[in-house]
Structures are given as C-alpha cells and as structure tokens.
DNA sequence: AATATAATTTATAATGATTCTAAAGTAGTG
DNA sequence: CACTACTTTAGAATCATTATAAATTATATT
Ligand SMILES: [Mn+2]
Ligand SMILES: [Mn+2]
Ligand SMILES: [Zn+2]
Ligand SMILES: [Zn+2]
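Residue numbers (my numbering), protein chains in the order written: chain A, -7 to 130; chain B, -7 to 130.
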C-alpha cells in the first residue's frame, strides 16, 4: 500500500521527524488494505515481533498519542477496561461483539441515516456514532 | 420518591443485605425524580456531604459494582479517562457535550428508529445505542 | 562534513484509579 | 444469645498510563 518514503513524507508534513521507531509503527498501522482496531498492548506485542531492538513502551504511547493528535488515529472508548485505537478516523459505526470484545466497523449503508431531533441552545452536533452490541445466539 | 423501607425491600429482594452504607448510597442514587449520570468520584464526594461517618472508598466501589451486577446501574464508557455510571438502565441514547464532559440522555423520539442492515452469522443484536457528540457553536 | 539545536527516545520513577487482602464489624437465623 | 455468612474497612498491591531527565538522533547551519 505505502512505501517507506510515503511515511517519511507523511510524518514530515505534519511536523514529526521520521524516526525509525515512528516509521516502524507507521508500517504496522498504515501499510495495509483495511483499517483496523488495536490496543496499545496489541501494538506493543506486534512491534516486538517485527523489530530487532525493542521500541520502548513510552515511545509507543508517545507515538500513538501524537498520531492521534495529528488525526491519523482515533481513540474509541467502549469498554471500561480496554481502550481501542482505530486507524479509520472517519465518523463511523461499530459492532461490538461482547463475547470476544472485538470491534467491527459498520459502513454508512449498514445503518440508516440518523436524524437527531433534539438540539441544545448554543451547541451544535459534532458527530453521531452508533454502537451495536452483538452476542452469540442462544 | 422512595422511602427507606422501599430500599430495604429492594436490596433484600436481590439478596443484598440492607446495610447503612448501601442505604445511604441508594438514597443518593435512587431517591430522585430523574435518572442521572455520575462517576465514582462524584458519588464519593456527595456521600461525604450527607454522611457523618465516611463510607470507605472500597465500599463505594463494591456497592456500585454490585448494583451494576444486579441491574440497578449501568456503566457507560465514553471517555478514555472517565467512567460514568447511569441510573437509567434502559437502552438509550446520549448527547456528550465535549466542552463540559456532560452526558445527557436522549429520548427514544429524539432519535429516529435505527435499522441495522448488516448481521453476522451466529450473532444477534443485544443493544443499539447512539452517541451524539455536541460542542459549543463558533 | 562538522557543529549546533531542538526533537525524540529511553529507562526508570511517579501517579492514580481500581482491586485485593484479611481482619473487624454486622445482619440474619434460630 | 450464639452462630454463620456477609459486609465493611484500612491499607497494600496492581497495572495502565504519564512524567522525568539523561542520552541519542534528526535537521538546519556553517
Ligand atoms: Mn468497573
Ligand atoms: Mn489516552
Ligand atoms: Zn472503527
Ligand atoms: Zn443515560
């Protein structure tokens, strides 16, 4: 999907130096066909698999947070005891499988248009997102 | 709304002994006209105001978790760094004011019916909830 | 290319919310 | 009252996350 110089450009253009740690993380997060959801712990484990010298946990946190700030990642809070990040940064809906704790993107068309009738003075709508919890049959 | 013996009955009927700590917490949470949202820290502060002898933090956690397990409270995970509990245990939608971090219930009618078209084999829908983030105008 | 500067990484410590532990207290039963 | 199981509690432990501050690295400048 992307090659290394794309990531270098991406990082530079947002004022982040393309360090080897950040590039390694870019490769894991963004060099894919589909977007996905991950936890810091997932990312940390996957980085251990693909790198020789480990990236420190502090750097993983720093990087994920700066990517979030730059808009390359989105944080999804769905579960009191697990925080997910999403490489799909658009507003979108989710299935949450409560048996597996897996998050699954829904497409725009999977959920009809949502019409919020209530409004509050001085406030405007920023986003509308639906969470559909699913579970095993029976 | 409720008096003490209602709460004693409520607790007994779900196999929880009506201790003075639990009753104190019931009064704060359930003796109201409207449901509301709170954090453990909110609850803890409010309990300090109304009780002579402080209820220990462990008991507050224990009680909130057992009330959740009995279905008297619902946990709402919306913010990575703040966990809310809701005395409205039905499936319902929310505004989240991102300027104040305030959660506001939406009524069924405030959001049209939601029709989820996608389904996954072996899975059924357990709940559908909408989160509408709002922010100040301008 | 060498130097200077600021950004970044890192190991490690600190924080803070939540949970655990085990001892003391209390409610229900007969 | 006496017994038992449940509950509360203070304090310790845990664990994810953030802070610190020294070493390293990227980039700009000479
Ligand atoms: Mn919890
Ligand atoms: Mn975070
Ligand atoms: Zn997603
Ligand atoms: Zn609510």
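The beta-carbon is built from N, C-alpha and C at its ideal position, and this holds for glycine as well.
query, result
"Kindly give me the distance between the Cβ atoms of residue 77 of chain B and residue 66 of chain B, rounded to whole angstroms, as I take these residues to be in contact under 8 Å.", "7 Å"
"What does DSSP give as the partner residue(s) for residue 34 of chain A in the beta ladder?", "Residue 34 of chain A is not bridged to any residue."
"Strictly below 8 Å CB to CB, what residues from chain B border residue 126 of chain A?", "112, 115, 116, 117 and 118"
"Closer than 7 Å to a non-hydrogen atom of ligand 4 - does that hold for the CB of residue 78 of chain B?", "yes"
"Is residue 94 of chain A close to chain B? Criterion is C-beta to C-beta, closer than 8 Å.", "no"
"Identify the continuous alpha helix (DSSP H) that holds residue 100 of chain B and give its terminal residues.", "Taken as a continuous stretch (DSSP letters only), residue 100 of chain B belongs to no alpha helix (DSSP H), as it is neither H nor E."
"So with Cβ pairs under 8 Å, would you call residue 100 of chain A a contact of chain B?", "no"
"Taking DSSP's pairing of strands, which residues face residue 76 of chain B in a bridge?", "B:68"
"Taking 8 Å as the CB-CB cut-off, is residue 23 of chain B touching chain A?", "no"
"Report yes if the CB atom of residue 107 of chain A is closer than 8 Å to the CB atom of residue 114 of chain B, and no otherwise.", "no"
"Could you check where the alpha helix (DSSP H) with residue 17 of chain A kicks off and where it finishes?", "12 to 22"
"Please tell me whether, using a cut-off of 7 Å, the distance from the CB of residue 123 of chain B to the nearest non-hydrogen atom of ligand 6 is below it.", "Ligands in the displayed structure: ligand 1, ligand 2, ligand 3 and ligand 4; ligand 6 is not one of them."
"So what does DSSP say about residue -3 of chain B, is it helix, strand or coil?", "helix"
"Helix, strand or coil, according to DSSP, for residue 93 of chain B in the structure here?", "coil"
"Quick one, are the C-beta atoms of residue 53 of chain B and residue 32 of chain B less than 8 Å apart?", "yes"
"Please compile the residues from chain A whose C-beta is within a distance smaller than 7 Å of the C-beta of residue 72 of chain B.", "67, 69 and 75"
"With DSSP as the reference, please indicate the residues paired to residue 88 of chain A in a beta bridge.", "A:95 and A:125"
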